[in-house]
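Working notes, beginning with the structure itself.
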Amino acid sequence: MPYLLYDEEPYTVVTNEGKIVWVLDAYTISSNYPYSQYTTIQYDGSNQRINYIRNSVKVIIDAYDGTITYYITDETDPIAMAYSNMYEGLFQKDIPADIAEHFVYPKYLYNVQAELLKTYHNLKADIIYRADDIWDFAKANKSNIARSSGSILEPYYTIVNDEGENEIGLIQIYTPKDKQNLISYLVGTTEGETNKLVLYKFSEDSNIIGPMQLEQQIEQDDAISAEIESLNTTGTRVTKEMIAVPINNTLLYVVPVYQEMLNDPSNNIPKVKKVIVSSGNKVAIGNNLNEALQNLLSREAVNIEVENTDDIEGLIDSIIRANDNLSESVENNDWEMIGSDIRRLQELINSLKTLEETNNQNQTNNENTINSENVVNDTNVVTNNTQNNMTE
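Whatever position you read off the sequence shown (first residue = 1), add 157 for my numbering.
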């Protein structure tokens, strides 16, 4: 069936009879849907420009004898129904319930939708025209060293609570463009044969801590950073993952920390050595998830102080706070903290300098644009006057 686009990640399901079947998601696509935004997808080593995609077909493949059955899961899709009419008897309509209950949201479709929602989450025409409300995918670092530029957090499957029921869902978290605080997260789940996509948005002034901000808090806390650094011995590599799990109206960050033995080929599988958890304004660490959660609910938890380093005023406030911390460390003759406070103060000053240079450059570009528009307007006036004089 070459007219369909097939997912690159099929998965297996065990039926009630004990049979193993493959589930392959298939998509109908088009580039001719009226009044729809175009996007570019990658498939089979090439790029395709589309403005319509639907997960209207599921292909079930018997893992034992290879029997292939096509099922239509969305009869409102005119493309899928046209194929069904063209090839009578090829498409079935009733998927066995013991297979359908194990369906998960297809990540290929989810990635396309999540990318478009960075711009089109707010459908007010003036907002879209001025690009006043653009989001970005949240970023994080996989190494044990927090850096200012992390890598994009890819969507991942986790257990989510949907209307009181726990089920597998896809999660993608967003930050405002060029900022680090969390603004929204997207949850993709399934109800039988139906895909369900829900966007949860925090208020603009909620200042929910983002993954990069959490990493900075972890690095600045001496107790937590010391436990992670103790794993970074000779011949090892320390990595971590960042997972955000929706719970009721908030998010629980879970950060498993792995240690990999580089000099022992028989034992080089990364193993979880520590787990960091964070929710609200608290963060804690433990040797496993249960211990970390217990510490999060105890006095072992560390308070999070979220700094706004996205604008000049926020940076100035952070510099003042860092300077106060440095003064306190000097009074206590705490040389280790003095060194840490000096480094933090220098980082903030460098960030302020970079932000000022960026703002100055943007201001210069805007002035040049305005001057260019004035020149064009003056030219138009001269041209119009000349034409009028010639007419007279």
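We put the beta carbon where it would ideally sit given N, CA and C, even for glycine.
Leaving out five residues before and five after residue i in sequence, what residues of the same chain have Cβ atoms less than 6 Å from its Cβ?
i	result
Y168	V180
I225	I218
D182	D164, N212, P263
Within 10 angstroms of its Cβ, does residue i collect 16 or more other Cβ (buried), or is it exposed?
i	result
W492	exposed
T197	exposed
K510	exposed
I177	exposed
A257	buried
N507	exposed
N541	Confidence at N541 is low in this model, with a pLDDT of 47, below 50, so its placement is unreliable and the value that follows should be read with caution. Exposed.
S193	exposed
M369	buried
I217	buried
Y331	buried
T185	buried
L247	exposed
Whose C-beta lies closer than 7 Å to the C-beta of residue i among residues of the same chain, with five residues either side of it excluded?
i	result
T347	F260, V261, Y262, K353
Y160	Y240
When you measure from the CB of residue i to every non-hydrogen atom of the ligand SAM, does any distance come out below 7 Å?
i	result
E376	This structure lacks the ligand SAM; in fact it carries no ligand of any kind.
What is the rounded straight-line gap between the Cα of residue i and the Cα of residue j?
i	j	result
S300	T396	5 Å
I291	N424	45 Å
T407	L356	14 Å
P253	I285	43 Å
I495	E384	21 Å
E117	V344	What the structure shows of the chain is the stretch from 158 to 549, and residue 117 is not part of that stretch, so it cannot be assessed.
N545	A288	With a pLDDT of 45 at N545, under the threshold of 50, the modelled position of that residue is not reliable, and no figure is offered here.
N482	Y265	48 Å
L280	S435	33 Å
D234	G392	56 Å
I499	Q518	29 Å
N445	L388	15 Å
S486	L512	28 Å
Y221	G175	12 Å
Y244	Y190	23 Å
Q205	N268	15 Å
D231	V171	23 Å
Q416	M158	46 Å
Quick one: what's got a C-beta closer than 8 Å to residue i's C-beta in the same chain, skipping five residues either side?
i	result
L505	T466, L472, S475, I476, A479
A458	K439, V440, A441, N452
So what does DSSP say about residue i, is it helix, strand or coil?
i	result
E311	coil
K439	strand
L396	Note that residue 396 is Thr in the sequence shown here, rather than Leu. DSSP places T396 in strand when its eight states are reduced to three.
M369	helix
T603	Only positions 158 to 549 of the chain appear in the structure, and residue 603 is not among them; the question remains open.
L266	helix
R287	helix
L505	helix
G496	helix
R478	helix
S455	coil
N318	strand
Using DSSP bridges, identify the partner residues of residue i.
i	result
V178	V170, D219
T233	Answer is none; T233 lacks a bridge partner.
Q416	V395, K428
D293	T332
Q205	I198
T185	R211
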